[in-house]
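Trainee:
Okay, structure coming up:
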């Protein structure tokens, strides 16, 4: 297996063994967490965060690029440098960070869990529904933990919104929209996994925080795609939209596009409640706003990515989000707290995109989303 260079719980259905993730065993006895990082494009962000912690040490890196291994290994003085993931998980490690191409995430996470490692996996969690089921089964039989690294759940303003919404500031949520639009056509060269990725497969940056805030899951998907019109030579769909219904009856619309003629890249969200609305601003200068029943117009609010109360220098590229995410992972791996985004949440954030694309292939026919619990 290669390391490509890139970037309240319910009983599960079927025969999958139930694991109570709230009682993760205390596995790590040594004071320093030994970490291996696979994929040295996006993986360098996590390497920086783990490398600045006194209780962690990155002792091994894995990538198919000899240049990346040499450059990163020398800069961080990492002794073990490997080009095969199967070799990485045989190293004496407490945790493995998977930041390889998306199509590899599930199978590599399963292999690492089966090898007794704690796993922090980049998004998406899986590339097929079968892999989603297999990943849940692997996490349930594993001694270690699986955590899904959806860093947008740690954006400061989205955590503030979660507090507002969950205490009922804008009433009961009925409808949500979220978008991630980012022109990455220069990175879609032949052989790169992004070239063949349906845009809605990468829905978790938009859908993940929505489900986290709502404490809900999607049960039905409808999808439509524009086709490859902006750059036909790339042959990847410009934009893809997923329309979802959640178990609690909320309607959610997600738009993803990575072959588009628009700058700058942006994330955008809006939540409609029975007593108000909260909406993020669009770049470059549109502010975030909130409206409550009885209020005279929209009120501007702050929407900071970073937590202003934390050390801003300790970042992984997206404000303080990676620092907070890694903090939760380390505590969960030591058995000190629950896994904040566990395997169930990971596949619930991922599978709707897979089902929306299947719907798009069927001219927008509704597709049921499995319940992995």
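In my numbering, the protein residues as written are 725 to 1097. All C-beta atoms, glycine included, are put in the ideal place defined by N, C-alpha and C.
Do the CB positions of residue 902 and residue 978 come within less than 8 Å of each other?
Mentor: Contact flag set, yes.
Trainee: Return the CA-CA distance between residue 789 and residue 921, expressed in angstroms with no decimal places.
Mentor: So the two alpha carbons sit approximately 22 Å from each other.
Trainee: Would you check if there are 3 or more beta carbon pairs closer than 8 Å linking the segment 799-813 to the segment 860-876?
Mentor: They do not touch, by the three-pair rule.
Trainee: Closest to residue 1016 by C-alpha separation, out of 1092, 892, 948 and 1096, would be which residue?
Mentor: If we check each option's Cα against that of residue 1016, 892 comes out closest.
Trainee: Closest to residue 853 by CA distance: which of 1089, 994 and 1068 is it?
Mentor: The shortest C-alpha separation from residue 853 is found at 1068.
Trainee: Going by C-alpha distance, which of 758, 823 and 818 is nearest residue 787?
Mentor: Comparing Cα positions, the closest option is 823.
Trainee: If contacts are defined as beta-carbon pairs under 8 Å, then residue 933 and residue 1074 qualify, I think. What distance do you get, rounded to the angstrom?
Mentor: With a Cβ gap of about 14 Å, residue 933 and residue 1074 do not count as contacting.
Trainee: Could you check the C-alpha separation between residue 775 and residue 781 for me, to the nearest Å?
Mentor: For residue 775 and residue 781, the distance between alpha carbons rounds to 6 Å.
Trainee: By how many angstroms is the C-alpha of residue 1063 removed from the C-alpha of residue 939?
Mentor: Cα to Cα, residue 939 sits roughly 15 Å from residue 1063.
Trainee: Taking the straight line between their C-alpha atoms, what separation do you get for residue 757 and residue 817?
Mentor: Taking the straight line joining both Cα atoms gives about 8 Å.
Trainee: Go through its chain and collect everything with a Cβ distance to residue 1052's Cβ below 6 Å, but skip five positions before and after it.
Mentor: Within the same chain, residue 1052 has close Cβ partners 1064.
Trainee: Hey, residue 983 and residue 946: beta-carbon distance below 8 Å or not?
Mentor: The answer is no: Cβ separation not under 8 Å.
Trainee: Contact check, residue 894 vs residue 797 under 8 Å by CB: the rounded distance?
Mentor: At roughly 49 Å, the Cβ-Cβ gap does not stay under 8 Å, so residue 894 and residue 797 are not in contact.
Trainee: By DSSP, does residue 750 sit in helix, in strand, or in coil?
Mentor: Only weak support exists for where residue 750 lies, its pLDDT of 46 falling under 50; the value from the coordinates is given anyway. Of the three classes helix, strand and coil, the one that applies to residue 750 here is coil, per DSSP.
Trainee: Between the alpha carbons of residue 759 and residue 783, how many angstroms are there, rounded?
Mentor: So the two alpha carbons sit approximately 6 Å from each other.
Trainee: With residue 955 and residue 909 assumed to form a contact (beta carbons below 8 Å), what rounded beta-carbon distance in angstroms separates them?
Mentor: Right, their Cβ atoms sit about 6 Å apart.
Trainee: Name the one or two DSSP bridge partners that residue 1002 has.
Mentor: Answer is 995 and 1014.
Trainee: I think residue 819 touches residue 842, with their Cβ atoms under 8 Å apart; what is that distance to the nearest whole Å?
Mentor: Confirmed, about 4 Å.
Trainee: Just list the residues that DSSP pairs residue 871 with in beta bridges.
Mentor: According to DSSP, residue 871 bridges with 844.
Trainee: Are residue 821 and residue 770 close, meaning C-beta to C-beta below 8 Å?
Mentor: Yes, they are a contact pair.
Trainee: At what residues does the beta strand (DSSP E) containing residue 806 begin and finish?
Mentor: Start and end: 804-806.
Trainee: Can you check which of these residues, 1070, 937 and 1080, is closest to residue 844 by C-alpha distance?
Mentor: Closest option to residue 844, Cα to Cα, is 1070.
Trainee: For residue 1082, I'd like the list of residues in its chain whose CB is within less than 8 Å of its CB, leaving aside the five on either flank, ordered along the chain.
Mentor: Here the set comprises 945, 947 and 1091.
Trainee: Which residue from 885, 800 and 914 puts its Cα closest to that of residue 900?
Mentor: Answer by Cα proximity: 885.
Trainee: Could you give the residue range of the beta strand (DSSP E) that holds residue 760?
Mentor: Note, residue 760: beta strand (DSSP E), 757-762.
Trainee: Using beta-carbon positions only, say whether residue 876 and residue 1045 come within less than 8 Å of one another.
Mentor: Yes.
Trainee: What would DSSP say about residue 834, mapped onto helix, strand or coil?
Mentor: Helix, per DSSP.
Trainee: On the criterion of 16 or more Cβ atoms from any shown chain inside 10 Å, does residue 1026 qualify as buried, or is it exposed?
Mentor: Exposed: under 16 other Cβ atoms inside 10 Å.
Trainee: Out of 785, 766, 755 and 881, point me to the one whose CA is closest to residue 993's CA.
Mentor: That would be 881, whose Cα lies nearest to the Cα of residue 993.
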